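Peer 1: Numbers given in the numbering used here equal positions in the sequence shown, counted from 1, plus 2.
For glycine and all other residues, C-beta sits at the position ideal for the given N, C-alpha and C.
As the structure is a prediction and not an experimental result, all values here were calculated from the model.
Right, I'll just put the structure down here and ask away after.
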Amino acid sequence: MKLFPLYIFFFCINFSGYSQDQPVESETMIKAFFKEDFNDYFQVQHYFNKTQFGKGEIDFLLEKSKGSKNILGKIYSYTLLGRYYRNKTTYEKAIENYLNALNLSREFKKVNAEIVVLNQIGVVYRRQDKIRSALNYHQFALELVNKIPNPTKDIKISKSVCENSIGNIYLKLKQYKLALEKFEKAIVTQQELQDKRGLAINHQNIGFAYQNLEKLDSALVNYNKSLQYNLENKSRIGKVICHNSISNVLILKGEYKKALKYIEEVKVLSEQIGNKFYISRIYNTLGYCQIKLGKLDEGKKNVNKSLSISLKHGIPTNTNKSYEYLSEIYRLKRDFEKAYVFYKKSIVGTHKTFNDRNILYVNNLINKYDNEVKNNKIKSLAKENEITKLKLTRNRNILIIALVSIALFGVLLYAIYGQRLLSNDKKILVLEQEALQNQMNPHFVFNALNSIKLYIINNEQKNAVYYLNKFSKLIRSILESSKTKEVPLSDELKTMNLYMSIENIRFSNEIAYHENIDEGINLDKVKVPPLILQPFLENAIWHGLSSKKGIKKVTLSVTKVSNDFIQIDISDNGIGREAALRIKKNKSLKRKSIGIELTKQRLQNFTDEFKNSYSLVYTDLTDKNNSPAGTKVSLKIPLS
3 MKLFPLYIFF FCINFSGYSQ DQPVESETMI KAFFKEDFND YFQVQHYFNK
53 TQFGKGEIDF LLEKSKGSKN ILGKIYSYTL LGRYYRNKTT YEKAIENYLN
103 ALNLSREFKK VNAEIVVLNQ IGVVYRRQDK IRSALNYHQF ALELVNKIPN
153 PTKDIKISKS VCENSIGNIY LKLKQYKLAL EKFEKAIVTQ QELQDKRGLA
203 INHQNIGFAY QNLEKLDSAL VNYNKSLQYN LENKSRIGKV ICHNSISNVL
253 ILKGEYKKAL KYIEEVKVLS EQIGNKFYIS RIYNTLGYCQ IKLGKLDEGK
303 KNVNKSLSIS LKHGIPTNTN KSYEYLSEIY RLKRDFEKAY VFYKKSIVGT
353 HKTFNDRNIL YVNNLINKYD NEVKNNKIKS LAKENEITKL KLTRNRNILI
403 IALVSIALFG VLLYAIYGQR LLSNDKKILV LEQEALQNQM NPHFVFNALN
453 SIKLYIINNE QKNAVYYLNK FSKLIRSILE SSKTKEVPLS DELKTMNLYM
503 SIENIRFSNE IAYHENIDEG INLDKVKVPP LILQPFLENA IWHGLSSKKG
553 IKKVTLSVTK VSNDFIQIDI SDNGIGREAA LRIKKNKSLK RKSIGIELTK
603 QRLQNFTDEF KNSYSLVYTD LTDKNNSPAG TKVSLKIPLS
């Protein structure tokens, strides 16, 4: 107790230095910032790297940036506000400010800033256990990173953040071995770049995975490495996180007094920082230490404090843990009725977020899908290699035949060469089609699996099984059709029906899909290239209907217009091509599609042997007021 006044004196000196001297430095840095000429978001990050920002300084930076129309300054200010509110556990305001930063990044094409902000939004959703939203934002960020050629150090760090964050989502899903694989990928980049902050975060995550795999010594080694990096970086919140983690491992090892010492060392520090997420965790761990030491009343007080914070700020994981600890307290007090009540609350809360058996099952599906994608990439590379060889052979033959024809036979050899050239071109086109079919849009498959996973997480077993069956049929149909040059129209329509069912999940089944087939058409005798209708349906959904409000319809009609042709019409009641084009130009994250131009080439190749060719016509639909009312695609295919 004699040391207490000295501690107060030391704390006051430090606090005074932080609250008075530091803002002056911040204000000076902010004023100097507007004299610099930055054109990249990472330059701004490095400039303010060691500057401490309070709410007042952030508002000052934002106001000055608005006044001088400094876009990077505005984006950075909104990002700082997002982090400020995230640390205060005010998640709605955090998302609001991050979205302001994201919209500006996209509007002014600041891709580096967009990557950073997408990752930050993912972190906020992960804190709230909104797994699907978190995964989508981190996945978007990773897609942008992978498009950048010759990545810089900052881009490499951003990629490791993406991989780390996806690993964190696997931790949430209790898939610890999968999480370790992601962290091990990220740590290679962080060690190469000597990114101490990233290494601190990664070792913390690896420690958590080992803790849940019951490898406690490995967990402690990684937590202590993380603590060392955080101390070198002078990260106060990092110190709080590591002490909490180390304390939890020591509890599992039965070293309760040592655990209590670790957690008490950071209790005051966590209150100073003010991050409610971690304050709630600290009081939970502190209360649990006291329970294990037999101090039930003190433990109950601290666990209740944690519970109050997590309920107020919407932190489900901490809430469920508090219920579990309260159940333990009442069990030890032999109040079994209350113990059961809190135990039930803990179990129900946990099951709202996780269903271990079903999550494991769907993750196994994702693993199988990942392996399939890797195998398809290998096949695709092999096909591309063969295409390259054919092109090289063709080019070599051009040179040889040209020289021989000029010197000797001229027209005769040129005609022979023309035949060989035509044959090679046809082989190249067939191989390009096969390479294309081996890369069935991974983004669509990934989102389809995630949509099915959401049904499982929400315990909607009937819907999950129903759409999982449809999804498996669709994949089987795609794999079977990829081996053939043509399929019956009846099979193509079945595949498209499955495709629409899966895509419709993401629209909460709001799209009404209808097929109108002329009775006189024998669909089994009409042949078409496999998956030829998919790009038109995809365009109808994502360009016509995705931005439309209200009733959404897609109609596919098949009519026999003459003895030589059938006509397939695909119409939607969407926003029309002109509005869709405007929206597409404003998007930085564009969906990958098979592509209409390649579809035309496939149709041309398919009808080369027919006496008639195909035709493709787009019609803009209008209502009675001559306003856009959708789009109709008319495809005429020859029968012979």
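Between the alpha carbons of L295 and R333, how many angstroms are there, rounded?
Peer 2: Cα to Cα, L295 sits roughly 15 Å from R333.
Peer 1: Quick one: which unbroken alpha helix (DSSP H) runs of 4-plus residues sit fully inside the stretch 507 to 559? Chain order, please.
Peer 2: For the stretch 507 to 559, whole alpha helix (DSSP H) runs of length 4 or above, ordered along the chain, are 536 to 541.
Peer 1: Given this structure, state the Cα-to-Cα distance separating N138 from Y127, to the nearest angstrom.
Peer 2: Answer to the nearest angstrom: the Cα atoms are 10 Å apart.
Peer 1: Using a Cβ-Cβ cut-off of 6 Å (strictly less than) and excluding sequence neighbours within five positions of V46, which residues of its own chain qualify?
Peer 2: Within its own chain, the residues whose Cβ lies closer than 6 Å to the Cβ of V46, once the five positions on either side in sequence are excluded, are F40, L74 and Y78, listed in chain order.
Peer 1: Starting from F567, trace the beta strand (DSSP E) both ways and give me its first and last residue.
Peer 2: F567 to D574
Peer 1: What separation, rounded to the nearest whole angstrom, lies between the Cα atoms of S282 and N320?
Peer 2: 7 Å
Peer 1: R88: which of K57, F62 and N114 sits nearest, CA to CA?
Peer 2: Here the closest residue by C-alpha is K57.
Peer 1: Tell me the DSSP bridge mates of V635?
Peer 2: DSSP output for V635 lists I572 and Y620 as bridge partner(s).
Peer 1: List the DSSP bridge partners of P490.
Peer 2: Within the DSSP bridge table, the entry for P490 names K529 as partners.
Peer 1: At what residue ranges does the stretch 17 to 105 contain a whole run of the beta strand (DSSP E), taking only runs of 3 or more?
Peer 2: Given a length threshold of 3 residues, the stretch 17 to 105 has no whole run of the beta strand (DSSP E) inside it.
Peer 1: Excluding five sequence neighbours on each side, which residues of the same chain lie with their C-beta closer than 8 Å to the C-beta of K259?
Peer 2: Cβ-Cβ distances below 8 Å link K259 to L295 in the same chain, with the five nearest sequence neighbours on each side left out; the list follows chain order.
Peer 1: Could you name each continuous alpha helix (DSSP H) segment of 4 residues or more that falls completely within the stretch 152 to 225, going from the start of the chain to the end?
Peer 2: 155 to 174, 178 to 195 and 198 to 214
Peer 1: Are the beta-carbon atoms belonging to R508 and S548 less than 7 Å from one another?
Peer 2: no
Peer 1: Can you list, in chain order, the residues of its chain with a C-beta nearer than 6 Å to that of K651? Leave out the 5 residues immediately preceding and following it.
Peer 2: There is simply no residue 651 to check, as the chain begins at 3 and stops at 642 in what is shown.
Peer 1: Would P531 be called buried (16 or more neighbouring beta carbons within 10 Å of its own) or exposed?
Peer 2: buried
Peer 1: For L637, which residues of its own chain have a beta-carbon under 6 Å away from its beta-carbon, when the five flanking residues on both sides are left out?
Peer 2: I570 and L618
Peer 1: Any idea what DSSP makes of K562, helix, strand or coil?
Peer 2: strand
Peer 1: Look at the alpha carbon of A103 and the alpha carbon of T390, and state the distance between them as a whole number of angstroms.
Peer 2: Those two C-alpha atoms are separated by around 44 Å.
Peer 1: Pull up the CB-CB distance for A115 and S107, whole angstroms please, since I reckon it's below 8 Å.
Peer 2: 4 Å
Peer 1: Compute the Euclidean distance between the alpha carbons of L233 and G84, then round it to the nearest angstrom.
Peer 2: One Cα belongs to L233, the other to G84, and the distance between them is close to 25 Å.
Peer 1: Quick test of the definition: if touching needs 3 or more C-beta pairs under 8 Å, does the stretch 512 to 523 touch the stretch 552 to 560?
Peer 2: yes
Peer 1: What residue ranges within the stretch 230 to 307 form continuous alpha helix (DSSP H) runs of no fewer than 4 residues, ordered along the chain?
Peer 2: Correct list: 238 to 254, 258 to 266, 269 to 275 and 278 to 294.
Peer 1: Leaving out five residues before and five after K255 in sequence, what residues of the same chain have Cβ atoms less than 7 Å from its Cβ?
Peer 2: L218
Peer 1: Given this structure, state the Cα-to-Cα distance separating L641 from I480, to the nearest angstrom.
Peer 2: Their backbone Cα atoms lie some 24 Å apart in a straight line.
Peer 1: Distance, Cα to Cα, T624 vs T633?
Peer 2: 9 Å
Peer 1: Taking 8 Å as the cut-off, does the stretch 214 to 231 touch the stretch 264 to 272 (at least 3 CB pairs, one atom from each stretch)?
Peer 2: no
Peer 1: What's the gap between the Cα of I331 and the Cα of K323?
Peer 2: 13 Å
Peer 1: Use the C-beta contact count for V528: other C-beta atoms within 10 angstroms, 16 or more gives buried, fewer gives exposed.
Peer 2: V528 should be labelled buried.
Peer 1: Can you give me the C-alpha to C-alpha distance between K472 and Y457, rounded to a whole angstrom?
Peer 2: 14 Å
Peer 1: Taking buried to mean at least 16 other C-beta atoms within 10 Å of its own C-beta, is D197 buried or exposed?
Peer 2: buried
Peer 1: Just to confirm before moving on: does the CB-CB distance between G209 and Y225 stay below 7 Å?
Peer 2: For G209 and Y225, yes; Cβs fall inside 7 Å.
Peer 1: Excluding the 5 residues flanking T621 on each side, which residues of the same chain have their C-beta closer than 6 Å to its C-beta?
Peer 2: K634
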